[in-house]
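Protein chains in written order, with the numbering used here: chain L, 238 to 587; chain C, 238 to 587. First the structure, in the form of structure tokens, and then the observations on it.
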DNA sequence: ATTATTTCCGTTACCGTGCACGGAATTCAA
DNA sequence: TTGAATTCCGTGCACGGTAACGGAAATAAT
């Protein structure tokens with residue numbers, strides 16, 4: 238930390254023969270400054286290498302900057318609840334920075350609600366934005382809007398084709414499928430496997446588990462080429478239907494012992510699984526939802542692959558803070574985060 | 238966020254009939270305050286719920302506080318190198334807070350060097366200290382010294398019996414052994430297992446892997462009661478000796494396929510293992526050292542259990558920051574951190 | 001009782017920015 | 001030319017805390 242090297246607005250005021258008031262006006266371009274003075278100040282800033290003192294600014298303003306968090310609404314026990322929780326956990330440590338994160342949620346099945354959330358977020362004049370994107374095109378459009386406003390934004394969880402984002406934090410989708418397959422087989426040859434899928438995902442053109450499934454299938458292809466992989470489709474909103482579907486399916490395939498879901502919903506299978514116990518069964522799913530972790534503890538689920546959504550959110554906000562407060566760009570634009578393997582022996586310390 | 242609710246030191250000065258100066262003195266307990274005044278101020282702080290304004294503080298001080306990090310010297314490729322690395326990674330984000338971490342290292346086999354490091358650290362007048370302790374009694378003594386100086390300290394990795402620490406971040410030792418055993422067996426019955434140990438550890442009265450081994454053995458007892466567990470002792474500084482020891486031992490036990498080390502040195506076995514390949518062997522070790530991870534990638538090591546030493550350091554420093562800057566105590570004093578399971582399929586994203 | 005110490009404590013000048021207020025300089029209208 | 005309306009710009013206080021300085025009060029020394 239420099240001693241007397243720090244350049245203050247007073248320095249550049251003196252250097253230009255103007256006053257700190259004027260300098261402040263150009264810094265926040267709030268007008269009332271002649272063209273000539275504006276130029277002089279800009280030049281001086283450049284020459285002297287002025288950098289604003291964040292603390293002083295924050296102190297004087299005594300008002301936090303808001304960071305907008307744009308995430309799907311968190312139904313209780315859902316994946317997005319974890320993400321929101323991450324925001325809360327970060328908040329404490331980040332508020333010291335003078336940033337106060339604020340949540341803007343939308344219905345993940347309603348694009349209009351997404352637009353609404355975007356609008357509200359913009360009205361809050363955020364200094365930065367974290368986006369958990371679901372609608373590709375709409376997200377791109379919003380990103381463009383942020384850029385034109387000079388507002389930095391970070392993606393978490395998944396990433397559209399946008400290029401202008403400050404950073405991205407998420408799990409590598411293909412590799413997560415690969416890892417999942419390895420955990421399912423336990424590195425052994427297995428006779429057969431079942432992927433349980435959400436019917437709606439198959440029909441929608443943007444199946445969120447697409448890449449993950451590709452990784453899964455490639456692993457099986459390579460390490461268990463003889464092993465047939467079955468698919469079963471269920472409706473997550475119809476528990477009774479799930480039970481019937483599983484009953485029917487397993488009547489036809491009574492010897493299938495390896496079951497996997499590539500999204501966060503493995504808990505949907507738990508009631509059926511616990512009514513039909515089988516010590517030699519292996520069940521693998523994703524994400525550290527409470528229901529999933531409970532099933533893990535009881536031994537119904539063998540293993541979960543988790544991506545620490547809270548951690549993603551934390552890092553996203555921190556990257557923003559670094560940029561907003563210190564103009565520091567993150568080291569890497571795209572950050573693929575660690576995939577955690579949870580078993581009942583380490584889940585309690587997660 | 239409160240509007241005008243913020244309590245300043247001026248408020249508590251008025252409330253106690255004292256002045257800013259005095260309040261400031263007790264806040265930084267730099268003496269020159271009568272017992273009575275000290276008490277009054279403390280009570281007012283409590284009653285009014287005063288929270289220091291970090292920006293103002295940072296602005297006024299315009300000089301970083303140093304945080305001392307007391308860790309064993311990092312031989313290249315060793316566990317402690319990871320810990321030190323963690324310090325570097327944290328630094329960036331913490332410097333914004335006006336804290337600058339500074340490393341003080343000691344020779345883990347030389348208690349005098351530890352004392353030296355302690356002394357140097359104290360001379361730097363740190364605002365807080367992170368300790369990775371190895372020498373129990375000596376550490377306790379040092380802790381006492383810090384306490385009398387009013388300097389908060391945090392332990393990482395392991396924890397002496399001290400009670401006065403601000404926080405502790407580490408892996409739960411017993412459970413890590415349990416988890417390790419589960420990964421070694423893969424949840425199956427196995428016919429036999431070998432623990433490779435460091436000879437010096439057995440002889441010293443403070444074997445760092447003691448609890449871990451207890452967890453390991455208890456798991457085996459419970460899930461593989463028939464499985465014999467062998468022990469083999471090696472000298473880490475004698476590679477040729479290791480080779481000979483392994484040669485000799487495996488001549489006698491050619492069918493043992495499950496090998497484990499409960500410290501970070503599994504890489505010591507790699508040369509021998511790769512000269513005697515066996516696809517059906519399972520090898521489990523600890524900690525994400527470069528050499529270990531490389532062996533994992535090549536398939537020589539099946540799985541590593543890692544504790545994210547960098548993360549421990551980060552959290553330790555952050556806990557200190559919270560306390561120093563905002564007088565916030567950590568939520569939990571003892572924090573057992575997540576145990577990460579690394580396989581060759583997720584190691585690349587670690 | 002007087003002087004010398006020590007212990008405590010209040011005063012005050014910053015730290016670097018934000019912003020309101022009012023005044024000087026310039027332009028426009030008459 | 002003069003008064004009014006605009007532009008521009010400087011001054012000064014506020015933000016909450018830090019720490020040096022010096023002085024008052026309490027205690028010890030003479």
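The C-beta atom is built at its ideal place from N, Cα and C for all residues, glycine as well.
query	result
Beta carbon of residue 546 (chain C), beta carbon of residue 323 (chain C): below 9 Å?	yes
Does any CB atom of chain L fall closer than 9 Å to the CB of residue 575 (chain C)?	yes
Are any of the Cβ atoms in chain C nearer than 9 Å to that of residue 308 (chain L)?	no
Comparing alpha-carbon positions, which option in L:444, L:337, L:504, L:513 lies nearest residue 534 (chain L)?	L:504
Between residue 400 (chain C) and chain L, is there a C-beta pair that is closer than 9 Å?	no
Is DSSP giving residue 546 (chain C) helix, strand or coil here?	helix
If we ignore side chains and look at the alpha-carbon of each, how far apart do residue 270 (chain C) and residue 384 (chain C) end up?	19 Å
Among all the DSSP beta bridges, which residues are the ones paired with residue 495 (chain L)?	L:519
Helix, strand or coil: which one does DSSP assign to residue 402 (chain L)?	coil
Pull up the distance between the alpha-carbon of residue 526 (chain L) and that of residue 318 (chain L), whole angstroms please.	9 Å
With 9 Å set as the bound, which would you pick, yes or no: does the beta-carbon of residue 459 (chain C) sit closer than that to a beta-carbon of chain L?	no
Which chain L residues sit within Cβ distance under 9 Å of residue 411 (chain C)?	Here the premise fails: no neighbours, minimum Cβ distance about 11 Å.
Exposed or buried, what is residue 241 (chain L) when buried is set at 16 or more other beta-carbons lying within 10 Å of its beta-carbon?	Reliability fails at residue 241 (chain L), whose pLDDT of 47 lies under 50, so the model's placement of it is uncertain and the value that follows must be treated cautiously. With fewer than 16 other Cβ atoms within 10 Å, it is exposed.
How about residue 523 (chain L) and residue 542 (chain L): do their beta carbons lie closer than 9 Å?	yes
So, at 7 Å on beta carbons, what are the nonlocal neighbours of residue 409 (chain C) in its own chain, with the 5 sequence-adjacent residues on each side left out?	573
Grab the span of the alpha helix (DSSP H) containing residue 338 (chain C) for me, first residue to last.	That residue, residue 338 (chain C), is in no alpha helix (DSSP H); its beta strand (DSSP E) goes 336-343.
With 9 Å as the C-beta to C-beta threshold (strictly closer), list the residues of the stretch 520-537 of chain L near chain C in chain order.	none
Rounded to the nearest angstrom, what separates residue 392 (chain L) and residue 355 (chain L) at their Cα positions?	14 Å
Name, please, each residue of chain L whose Cβ falls closer than 9 Å to the Cβ of residue 580 (chain C).	416, 419, 420, 424, 578
Going by DSSP, which residues form a beta bridge with residue 572 (chain C)?	C:406
Which same chain residues, not among the five before or five after residue 238 (chain C), have their C-beta less than 6 Å away from its C-beta?	Because residue 238 (chain C) sits at a pLDDT of 35, beneath the cut-off of 50, its placement in the model cannot be relied upon, and the point is left open.
Based on DSSP bridge pairs, tell me the residues matched to residue 468 (chain C).	C:432
Let me know the secondary structure DSSP gives residue 367 (chain C) once reduced to three states.	strand
Between residue 338 (chain L) and residue 320 (chain L), is the Cβ-Cβ spacing less than 9 Å?	no
Output the distance between the C-alpha atoms of residue 559 (chain L) and residue 259 (chain L), rounded to the nearest integer angstrom.	28 Å
Starting from residue 308 (chain C), follow its DSSP beta bridges and name the residues at the other end.	C:342
Let me make sure I understand the geometry here. Which of C:550, C:252, C:350, C:499 has the alpha-carbon closest to that of residue 411 (chain C)?	C:499
So residue 247 (chain C) and residue 293 (chain L) are in contact, right, with Cβ under 8 Å, and what is the actual spacing, rounded?	Not quite, the Cβ-Cβ distance comes to about 19 Å (not below 8 Å), so this is no contact.
Under the DSSP definition of a beta bridge, which residues are partnered with residue 348 (chain L)?	Beta-bridge pairing links residue 348 (chain L) to no other residue.
Could you check if residue 288 (chain C) is buried or exposed, using at least 16 other CB atoms within 10 Å of its CB as the buried criterion?	exposed
For residue 445 (chain L) and residue 414 (chain L), what's the separation of their Cα atoms in angstroms?	12 Å
Name the two residues that bound the continuous alpha helix (DSSP H) containing residue 391 (chain C).	From DSSP, residue 391 (chain C) is part of no alpha helix (DSSP H) but of the beta strand (DSSP E) over 390-393.
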